[in-house]
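Residues in the sequence shown are numbered from 1 upward in steps of one, following the working numbering. Each residue gets a CB set at the ideal place from its N, CA and C atoms; glycine is no exception.
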Amino acid sequence: MSSGGQSSEVPTSLPVDDWLAELGDSTGAPGGGAASGILLGVAASLFRMVAAYTPDDPRAAASAGRLVELRADALRAAEADGAVSADFGAALGLAPDHPDRDVRVRESALGAAHSAGRIGRVGVELIREMRLLREIGNPHLSADLAVGAAALASGIAGASVTLRANLRTARAHHASPTALSEIGAEASRLSHAQQEVEQFSAALSSEFDD
Numbered sequence: 001m002s003s004g005g006q007s008s009e010v011p012t013s014l015p016v017d018d019w020l021a022e023l024g025d026s027t028g029a030p031g032g033g034a035a036s037g038i039l040l041g042v043a044a045s046l047f048r049m050v051a052a053y054t055p056d057d058p059r060a061a062a063s064a065g066r067l068v069e070l071r072a073d074a075l076r077a078a079e080a081d082g083a084v085s086a087d088f089g090a091a092l093g094l095a096p097d098h099p100d101r102d103v104r105v106r107e108s109a110l111g112a113a114h115s116a117g118r119i120g121r122v123g124v125e126l127i128r129e130m131r132l133l134r135e136i137g138n139p140h141l142s143a144d145l146a147v148g149a150a151a152l153a154s155g156i157a158g159a160s161v162t163l164r165a166n167l168r169t170a171r172a173h174h175a176s177p178t179a180l181s182e183i184g185a186e187a188s189r190l191s192h193a194q195q196e197v198e199q200f201s202a203a204l205s206s207e208f209d210d
């Protein structure tokens, strides 16, 4: 959606304050899906920092390289989701008696679900790096790793709920069983990933309790 002549696709290269202002506006683009992608970008950056502070292990150096790519993937997915969100909002904004409304909403909901799945898959890839850095990372950076794990859990959870909400809308507008099954399988994978990271994050955080 767009407002006041602004572009519906908000680039993630905006300054943080400007991007958050766009997120808080009533345009819906960016929205929750894009915000989930940004959280994954934060997680990737924190994990990358832990890897950078672990200079004597080639596995950490390799992880650092992968994390740069995953951060870029998260941001690209977040930016693309803004455009998808705009299309979805436009479809929902059609008059109830518009002859194309059902098809438009169905197709845009499926597109939005796939976009959320793309974001979620980046999160799933980050799990391996999180676990590796827990094993080999500089112990002085354990708090930063814990913060990254919390951001990862939130990002995957956001992608998961966004996907499931879009799946429900697509189902209500008569999406095919094949399309629903594919997205439903993605939703199940994200749900399991979310539980895995939340458990990891809680265990890591508990180490700082007195």
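Residue environment: Arg131 is assigned as exposed (fewer than 16 neighbouring CB atoms within 10 Å of its CB, all protein chains considered). For Asn138, there is no enclosing alpha helix (DSSP H), as DSSP marks it with neither H nor E. Within the same chain, no residue comes within 6 Å of Ser206 by CB-CB distance, once the 5 residues on both sides are set aside. Here Pro96 is exposed. Its C-beta has fewer than 16 other C-beta atoms within 10 Å.
Its Cα nearest to that of Ala74, the residue Gly37 stands out among Gly37, Ser191, Gly24, Leu163. Within the same chain, and ignoring the five residues on either side of Leu190 in sequence, the residues whose Cβ sits closer than 7 Å to its Cβ are Gly120, Ile156, Ala159, Ser160, Leu163.
Around Ser115, the same chain offers Gly33, Ala80, Asp81, Val84 as residues with beta carbons nearer than 7 Å, after the five sequence neighbours per side are excluded. The segment 196-203 and the segment 136-150 touch, with no fewer than 3 CB-CB distances between them shorter than 8 Å. Counting along the chain, the unbroken alpha helix (DSSP H) around Leu67 starts and ends at 58-92. Taking a contact as a CB-CB distance under 8 Å, the pair Ser63 and Ala44 does not count as one, their CB atoms being some 11 Å apart.
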